[in-house]
Amino acid sequence: GVVLLPRAARLARHGSVHVLREHVGRLLAVVLPLTTAAVLAIQVVAEPVLAGYLGPTFAAAADPLRAISWAAIPWAAFVTLRGLLDASEVRPLNARDLGAAVLIYVGLVVLASLAGADARWYHASFVAAATALGLLTLLEARATLASPPAAAELDPALP
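End of the sequence shown = 172 in my numbering, gap-free, step of one.
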């Protein structure tokens, strides 16, 4: 997000959409595989690391950690692309997407609670909401890169 915002604003202002697309693509090509590798590593080492670092009584926390760690992948997409949306739009797209994700999470948690579901459903609800946030952000970014705003629509205070 912070890495992309200044450059995205500058490139959008100068109409360099093809350069912006390449920059976003390169950034995602680094961030998403690294995040996926970290999540896969958590799947393997969660229990021994928790038991070794915090003690054997915390080994049981490995399963929830493994479950919710999958949310890191769509969260990384959101964090990476939110700067693009902030630089390209005056509408609060990120706030709308975050609101939708919160509503999805609350809805799923309420359903899980009413159904008497176990903790796995709450973890899955969190991952589902993060996935929705990541997908909404990816769709907005794709639309923004397909038809960027005119320079007049951008905030004149941006570099």
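Ideal placement from N, C-alpha and C gives every residue a C-beta, glycine not left out.
- Cβ-Cβ separation between T144 and A89: approximately 12 Å, too far for a contact (criterion under 8 Å).
- Annotated as distal: A75 and A50, with beta-carbon spacing of 8 Å or more.
- Inclusion of L111 and L151 in the CB contact set at 8 Å is not warranted, their separation being larger than that value.
- In terms of CA proximity to V57, S82 leads the group V123, S82, A130.
- By the neighbour-count criterion, in which 16 or more other beta carbons inside 10 Å mark a residue as buried, T70 falls on the exposed side.
- Per DSSP, P77 is one residue of the alpha helix (DSSP H) stretching across 75 to 82.
- Scanning V37, S160, V30 for the CA closest to the CA of F91 turns up V37.
- Distance from I86 to V43 at the Cβ level is roughly 14 Å; contact not present, criterion being Cβ atoms closer than 8 Å.
- With respect to the 8 Å criterion, R79 and I55 are classified as neighbours on the basis of their beta carbons.
- Each residue's CA atom was taken as its position, placing A64 and A141 some 28 Å apart.
- Judged by DSSP secondary structure, P46 falls within the alpha helix (DSSP H) whose first and last residues are 30 to 67.
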